[in-house]
Structures are given as C-alpha cells and as structure tokens.
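K.L.:
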Amino acid sequence: MATTVDLPKLTVSQLKALCKERGIAGYSKLAKAALIEKLAASSNVSSKTSSTEQSGLSHGSLASSTAQNVAERTVIDTSDSGEVSRRQSSQAHTVRQLSPHQTSPTGTGFSVHQGPSDPRGSSLAAQKTSQDCEPSRRPAHTATPLGQKRVRISSPSQYHTTPEHNPTPTVQHTVIEPLPALPKKSETSIVVKPNSRELSATASRTRSLPARAKAAGRFKPLTILSPQSLGETRLKKHQQDSQIGAVPRSGTVFCSLPGMTSTPPTLVSISLLPKISERRQAHHWAVILSGLDDNERQVCSFVSRTFHYAVYLSAAHILERKHYGDLLDTIFRKYSKDTTNMWPYLRSREREIFQRRRAFKESFLGRLLSFDPLTERLWGCPDHDRQVEIALRFVLTRVWFAVSLGAYGHNSFALMTSHVVDAKEVLKGEVWQIRTRNGNSTEGFYVLEATCEVIGHPPMPKSSNLTEKHSLRVDWYAYVDRRLSCSSSVGTCLLDHVHWSDREEYSWGISKVWLHRTSREGDMGYAKRCVAERYILASVVANGISGRWMSTTSMAQEFAGLPGCDTIPSRPKAPSLNMYLPSHHYVESVHFTTSTKEHLHSALAVVQTPAREYYVLKNNGMQVGCEEEGVADVWAEILQCDNKGRPL
Numbered sequence: 055m056a057t058t059v060d061l062p063k064l065t066v067s068q069l070k071a072l073c074k075e076r077g078i079a080g081y082s083k084l085a086k087a088a089l090i091e092k093l094a095a096s097s098n099v100s101s102k103t104s105s106t107e108q109s110g111l112s113h114g115s116l117a118s119s120t121a122q123n124v125a126e127r128t129v130i131d132t133s134d135s136g137e138v139s140r141r142q143s144s145q146a147h148t149v150r151q152l153s154p155h156q157t158s159p160t161g162t163g164f165s166v167h168q169g170p171s172d173p174r175g176s177s178l179a180a181q182k183t184s185q186d187c188e189p190s191r192r193p194a195h196t197a198t199p200l201g202q203k204r205v206r207i208s209s210p211s212q213y214h215t216t217p218e219h220n221p222t223p224t225v226q227h228t229v230i231e232p233l234p235a236l237p238k239k240s241e242t243s244i245v246v247k248p249n250s251r252e253l254s255a256t257a258s259r260t261r262s263l264p265a266r267a268k269a270a271g272r273f274k275p276l277t278i279l280s281p282q283s284l285g286e287t288r289l290k291k292h293q294q295d296s297q298i299g300a301v302p303r304s305g306t307v308f309c310s311l312p313g314m315t316s317t318p319p320t321l322v323s324i325s326l327l328p329k330i331s332e333r334r335q336a337h338h339w340a341v342i343l344s345g346l347d348d349n350e351r352q353v354c355s356f357v358s359r360t361f362h363y364a365v366y367l368s369a370a371h372i373l374e375r376k377h378y379g380d381l382l383d384t385i386f387r388k389y390s391k392d393t394t395n396m397w398p399y400l401r402s403r404e405r406e407i408f409q410r411r412r413a414f415k416e417s418f419l420g421r422l423l424s425f426d427p428l429t430e431r432l433w434g435c436p437d438h439d440r441q442v443e444i445a446l447r448f449v450l451t452r453v454w455f456a457v458s459l460g461a462y463g464h465n466s467f468a469l470m471t472s473h474v475v476d477a478k479e480v481l482k483g484e485v486w487q488i489r490t491r492n493g494n495s496t497e498g499f500y501v502l503e504a505t506c507e508v509i510g511h512p513p514m515p516k517s518s519n520l521t522e523k524h525s526l527r528v529d530w531y532a533y534v535d536r537r538l539s540c541s542s543s544v545g546t547c548l549l550d551h552v553h554w555s556d557r558e559e560y561s562w563g564i565s566k567v568w569l570h571r572t573s574r575e576g577d578m579g580y581a582k583r584c585v586a587e588r589y590i591l592a593s594v595v596a597n598g599i600s601g602r603w604m605s606t607t608s609m610a611q612e613f614a615g616l617p618g619c620d621t622i623p624s625r626p627k628a629p630s631l632n633m634y635l636p637s638h639h640y641v642e643s644v645h646f647t648t649s650t651k652e653h654l655h656s657a658l659a660v661v662q663t664p665a666r667e668y669y670v671l672k673n674n675g676m677q678v679g680c681e682e683e684g685v686a687d688v689w690a691e692i693l694q695c696d697n698k699g700r701p702l
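Letter by letter, the sequence shown follows residues 55 to 702 of the working numbering.
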C-alpha cells in the first residue's frame, strides 16, 4: 500500500487522476505541490494508492519522473545488507550512464541513482506488493514551496524499515557506499551544474555527453570541453603573461627599474595645530629643525605643541632644499604647506631615489661605470618622471660611442669627469635637452629621445645667430621651432622625415605585415615596436642627424659609392630635415629570444633585416653584434653574456 511519501514520485497527470477518483474538486489548474497537499488531506489515500501504483508501473510513468526528483531532493533509504548487495549489480550499470562520482548538491557524499527495471526486481516488486498490507512507517511528506532549492538529507536510522514491510517501487533511493569495483574515472560524464569548483574541475577533465541538465528555468545545453585544447590554452596564456611581465612596457631596461615612475601618496592634514598666534614662531623653528636628523626631530616633537607643529613643517623645508622642481610645485599647489603633513611625500621621494640608485648599480651599466653619472638632485626626477630614464640612456649612448667607435680617444677619464646635471623635455616624445657639468664648465646638448644621439647644441640666450658654435643645424632648428610654435597634435612627427624606397611593404622602414601582427600582442608588441623605431633612427645615415647637411639623393648616392650631384638651386630655400635609411636596415621583425626560444640578455634584442640579424641594445637601438660574428667580445664582456646574447 502506497503512502504519502510516494505521491511526489507521480506525475501531474497521475495526481489529477487520483483526485478524480477520490472526488476532489478544483484540481484541474493546480500545480504538482498543490495537488500533493490536496491528496494528503484526503481521508482515502491509503485505499486507492495501490491501484495508482499499478497503473503507473504498467505505463512506465515513474521512470520519466525520476530525473526531476533526483535534482530536487535526496531521500536516504536503507535496507539490510542482503538487499543492498542484490541492487548493486543493477545500479552499477546506471552509475556508468549518469556519472561515476555524481554527488548530492550538499556535498555530503551521498549519491542518488536510478535503478533500471530487471526481471528480478519486477518479480520481487510483485511479491512485495501483494504482501504490503500495513502502512509504511515513514513520516508523511510535507510539501515544499516551488521555489525552494534546499536538499533535505535524512539519516539512515531515521527511516529504517524491515524488508517485509518496505514497498519496492520501480525507482529506489539507496545509500551507495564507495565500492572498489566501480571505476574512479570514466570516459564520459554528465555535469548537471557547476555549482562548485570541484564540479567544474571534474567537467574540465572529462568530455561531456550532448545532454541537457535540469536547471531553474530553461534547459541549457552542456558545454563540451576538450582536455587537450584547454591545457594548451592555459599554457599559452601562462607563457604570454610571463613574457609580458619580463619585458617593460616601453621596451627599455631603465624604465623597468623600481621607482622609475610612481604615484605620490595621499596626504592628510596636520593634527593638534597650535594657536594662530604661535604658528609664526613655529615657522622659524621649522627651518632650524630641518637641519637635524630624524632622532633629534622626534625628541623635539614632545617639547610642546608648537614644536610638534614645527616638526611637521620642517618636511616642507627639506623638500624645497633637496627636491625643488616642477613636481614639487604641483604638490604645493594641490596641498597647503602650513596645514598638510608632508612627511609621507618626503619619505616617498627618498625611497624612490634609493631604489633607482640601487637598481642602477645592479645593472650592467652600473657595473661598468665606477662613478655616479647623475647628480644627487637628478636622481629624484624633480621636473619629469622620465628624467632618470633619459639621462641614463644618454650615458649609455656615450659609452657606446666610446667603446664601439673610439670616441673621446678611448679615454675613460673624459667620461668620469662629466656628470649629467639636468634633463629637460623640448619636444614631447622626440627631443630632450641634456645639461652636463665637467668641472666648472657646463655644456648643453639637444638629443633624440629614442637614441639620445646628439643633434646639436641649444641656442644661446638672447642670440639668434644660427651659425654660432652653440646652435643647432639649420634644418633641426627649423623643425624644433616649427613644432614648438604649433600645437602638439598638428604637424608631422620625427619618423615622417625618414626616407626609404619600398613604401608598399614598409612603413618608416618597418614591415607593415609585422606591424599588424605585433598590434595584437599587447605590451609585448608595443615593446618590440619601440625597439624597431629606435633601430631605425640609429641606422639612418649620420649626416641626417648631425654633421654637414645633405639632401636625401646625395646621401643615397654617397652611401652607394657614387659621386655626389648636389646642384645649386635657382631659388634658395630653407633646407628640410632629411634622414635616409639604407635598404639593408629595413626591419622585418624584432625578437627578445634566440632562434631556439632561449631568452636573450635583458639589455639585448635581435632585429631581423632583409640581409641578416643584428644584436642591438634595447635602450637606444644601436648595434653590438651581427648574425655571423655574434655579439662583439667587448660587449659580451660588458653585458656578461655569450656570443649568442644569452646571459651567463
């Protein structure tokens, strides 16, 4: 005889049939939960349940409703060991169809499986149906709201019944203990819903069948994931992230130094301010306290509220004395010196200087130079965030000319006595002004930002004589003056003055196909393009940068070994800026690894041209080796790498 517990196993049509047989009115538009409540409230449930179960078994309707009941609730029913052993053989086949390790939604380890109908089960069910005369000992099932998703798990001892009085329908819910005979992994599995990381991990390791899972609402198809393709995708993403983290965004080594670019900390107001009449006296004490060390200032801060306030003000005096510049003026315009605690900003500036100098000493350039090439003030980047980067690039270019071309007569003392005092941006992204000090004399240079190669000297104040010794060449002077007079968004850039022959396949001497490919590589592609542009500007004919002015045709013929054909124009005009790039320096691609995918030295890059490969410095694009000879021995010793550019 069936009880109220068996009602949720019936379909809506079967429940309505029961309502019709029992004479219950108003059931035609009710849902399943409401139908169960009406049937449970009726008095003749036990007298008509057996006939309903027989009709359900004959039509096989209970098997179709089992998939819904499995996802909604888990009912734990225990029997004696003999009956469990008989059911395991039929349930093992069902486990392989559903899932080898499908757990309950609560994650308690109980599994719910649907057992198929077999001859032994049907005969046993027929025998027990005839013997089922007493009502079941299970408590009446309480209908739950339709929106409730919580799964109720009952202990095995709560609903224990004897085998003689246990009704056996077609679908049985049994506790399945972990069996050693069942395989731990299968070729196929159906993931109902990835509610946890464990389920999602299982779904990613196995292939899914094209089936649908029950969800709240519409049915959604499963996503078929291939373990091999998923592993390859994760490996490629990991390699790309590691490469991007190893290469700085600007493609330079100096820009990756810690503290090279930073954000000032948020400053707060000073607490425990003294009276307004005492603040003037505190300003005088602040000047004196700025000359003491930290321990002495800490002791003075406990003297009185005026001294406490003066210690706060002393930070502004230290900043004005050691870190004066445009960046400090910006901070003072944003915050008031009289009411703001400037000590966090002072500590931040001091920490940046310490990190930059330590990173420089650990680099190959710091190991090569036995002196500090920058002044103490310049290490703090007082006017621009990139001052240290440009100044160190200028020092590197001077070292390259001294080592590779024998500049300064191979006299290292000439480099040791010269220090970079200041670096000022003239044209954004193109030209900088570098000021050096050698003893008591000071000298200024106009350099290109990409390579820091000198293009001339800045004009002297109150002097417009372009033929003077300390002035730019006429074409460079006209270019700088035109760019300064017009807006930054108007006019041509520096690369537009580079002349190359094959304009169909190259843009500014760089392969268009390679530029399109690197545009999808993110930061790695941006770093490669920066190195390519530096190599282009470093490889143009020398007369395009400095020396005697020459036209593009004259530079091309002189480079080809032909006599010059400079003619005097009938109408003289101002010479234009010309930078001729030979065809064997066109950039096909740039690489940061060797042909065997080994990482190069952090300061090196490989540039592939139509003729050969060149080893260049990332910071200025200048050559230090070629494909046939490898990295030059002198540069391999400086960089501490082998002839293939691999670090030692």
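Every residue, glycine too, gets a C-beta built ideally from N, C-alpha and C.
#1: Using 8 Å as the threshold, is the C-beta distance between residue 344 and residue 371 below it?
#2: What is the DSSP secondary structure of residue 406, counted as helix, strand or coil?
#3: So, at 8 Å on beta carbons, what are the nonlocal neighbours of residue 700 in its own chain, with the 5 sequence-adjacent residues on each side left out?
#4: Going by DSSP, what residues sit across from residue 323 in a beta bridge?
#5: Could you tell me which residues DSSP puts in a beta bridge with residue 677?
#6: Can you tell me where the alpha helix (DSSP H) holding residue 500 begins and where it ends?
#7: Below 8 Å on the Cβ atoms is my contact criterion, and I expect residue 442 with residue 401 to pass it. Report the Cβ-Cβ distance as a whole number of Å.
#8: In the DSSP assignment, what residue or residues form a beta bridge with residue 428?
#9: Check the C-beta distance from residue 448 over to residue 480 and give it rounded, since I have them as a contact under 8 Å.
#10: Which stretch, first to last residue, makes up the beta strand (DSSP E) that contains residue 660?
#11: Quick check on this structure: which residue in 377, 429, 391 has the alpha carbon closest to the alpha carbon of residue 404?
#12: Is the CB-CB distance between residue 553 and residue 505 below 8 Å?
#13: Closer than 7 Å by C-beta to residue 433: which residues in its own chain qualify, once you throw out the five before and the five after it? Chain order, please.
#14: Buried or exposed for residue 62, going by 16 or more other Cβ atoms inside 10 Å?
#15: Under 8 Å Cβ to Cβ from residue 389, same chain only, skipping five residues before and after it: list those, please.
#16: Where do the N-terminal and C-terminal ends of the beta strand (DSSP E) with residue 420 fall, by residue?
#17: Run the CB neighbour count on residue 584, radius 10 Å, all protein chains shown included, and call it buried at 16 or more, exposed below.
#18: Tell me which residue opens and which closes the beta strand (DSSP E) that residue 574 is part of.
#19: What does the alpha-carbon distance come out to for the pair residue 509 and residue 394?
#20: Name, in chain order, the residues that DSSP records as bridge partners for residue 486.
#21: Which residue or residues does DSSP assign as beta-bridge partners of residue 701?
#22: Need the endpoints of the alpha helix (DSSP H) that residue 458 sits in, please.
#23: Below 8 Å on the Cβ atoms is my guess for residue 53 versus residue 637; work out the distance and round it to an integer in Å.
#24: So, at 6 Å on beta carbons, what are the nonlocal neighbours of residue 146 in its own chain, with the 5 sequence-adjacent residues on each side left out?
#25: By a C-beta neighbour count over all protein chains shown, 10 Å radius and 16 as the cutoff for buried, is residue 632 buried or exposed?
#26: With distances taken between CB atoms, is the gap from residue 446 to residue 419 smaller than 8 Å?
#27: Of all the alpha helix (DSSP H) runs that stay within the bounds of the stretch 585-653, which reach a length of 4 or more residues?
#28: If I follow the unbroken beta strand (DSSP E) through residue 508, where does it start and stop?
P.N.:
Let me lay it out:
#1: Stepping through the sequence shown from its first residue, residue 344 is reached at position 290. Stepping through the sequence shown from its first residue, residue 371 is reached at position 317. A contact, by the Cβ cut-off of 8 Å.
#2: Indexing the sequence shown from 1 puts residue 406 at position 352. Helix at residue 406.
#3: Taking the sequence shown and counting its residues from 1, one reaches residue 700 at position 646. The answer, listed in chain order, is 648, 652, 653, 654, 655.
#4: By one-based count along the sequence shown, residue 323 stands at place 269. Beta-bridge pairing links residue 323 to 394.
#5: For the purposes of this step, residue 677 is identified with residue 623 of the sequence shown, where counting begins at 1. Per DSSP, 670.
#6: As a position in the sequence shown, residue 500 is number 446, starting the count at 1. Here residue 500 belongs to no alpha helix (DSSP H); instead the beta strand (DSSP E) covers 495-502.
#7: To locate residue 442, count along the sequence shown from 1; it is residue 388. To locate residue 401, count along the sequence shown from 1; it is residue 347. Contact doesn't hold; Cβ gap of about 19 Å is too wide.
#8: Indexing the sequence shown from 1 puts residue 428 at position 374. Bridge partners of residue 428: 474.
#9: Against the sequence shown, residue 448 aligns to sequence position 394. Against the sequence shown, residue 480 aligns to sequence position 426. 14 Å between Cβ atoms; not a contact.
#10: Taking the first residue of the sequence shown as 1, we reach residue 660 at position 606. Run containing residue 660: 658-662, per the beta strand (DSSP E) assignment.
#11: Position 350 of the sequence shown holds residue 404. When only C-alpha atoms are compared, the closest one is 377.
#12: The sequence position of residue 553 within the sequence shown is 499, counting from 1. The sequence position of residue 505 within the sequence shown is 451, counting from 1. No.
#13: Here the question's residue 433 lines up with position 379 in the sequence shown. So the list reads 407, 410, 411, 442, once near-sequence residues are dropped.
#14: Taking the sequence shown and counting its residues from 1, one reaches residue 62 at position 8. When all chains shown are included, residue 62 counts as buried.
#15: Position 335 of the sequence shown, counting from 1, holds the residue named residue 389. Same-chain partners within the cutoff: 321, 396.
#16: Within the sequence shown, residue 420 is the residue found at index 366, counting from 1. No beta strand (DSSP E) contains residue 420, which is instead part of the alpha helix (DSSP H) from 418-422.
#17: As a position in the sequence shown, residue 584 is number 530, starting the count at 1. The residue is buried, with at least 16 neighbouring Cβ atoms inside 10 Å.
#18: Start at 1 with the first residue of the sequence shown, and residue 574 comes out as number 520. First-last for residue 574: undefined, no H or E at that position.
#19: Locating residue 509 in the sequence shown gives position 455, counting from the first residue. Locating residue 394 in the sequence shown gives position 340, counting from the first residue. Those two C-alpha atoms are separated by around 44 Å.
#20: Walking along the sequence shown from the start, residue 486 turns up at place 432. The partner list for residue 486 (beta bridge, DSSP) reads 479, 501.
#21: As a working mapping, residue 701 is identified with position 647 in the sequence shown. DSSP lists 695 as partners of residue 701.
#22: Translated into the one-based positions of the sequence shown, residue 458 becomes position 404. Run containing residue 458: 441-458, per the alpha helix (DSSP H) assignment.
#23: What the structure shows of the chain is the stretch from 55 to 702, and residue 53 is not part of that stretch, so it cannot be assessed.
#24: Position 92 of the sequence shown, counting from 1, holds the residue named residue 146. Low local confidence applies: a pLDDT of 44 at residue 146 is under 50, so the model's placement there is unreliable, and no value is given.
#25: In the sequence shown, the residue the question calls residue 632 occupies position 578. Residue 632 should be labelled buried.
#26: As a working note, residue 446 is residue 392 in the sequence shown. As a working note, residue 419 is residue 365 in the sequence shown. Closer than 8 Å, so yes.
#27: 606-614
#28: The residue you call residue 508 lines up with position 454 of the sequence shown. Unbroken beta strand (DSSP E) run through residue 508: 508-510.
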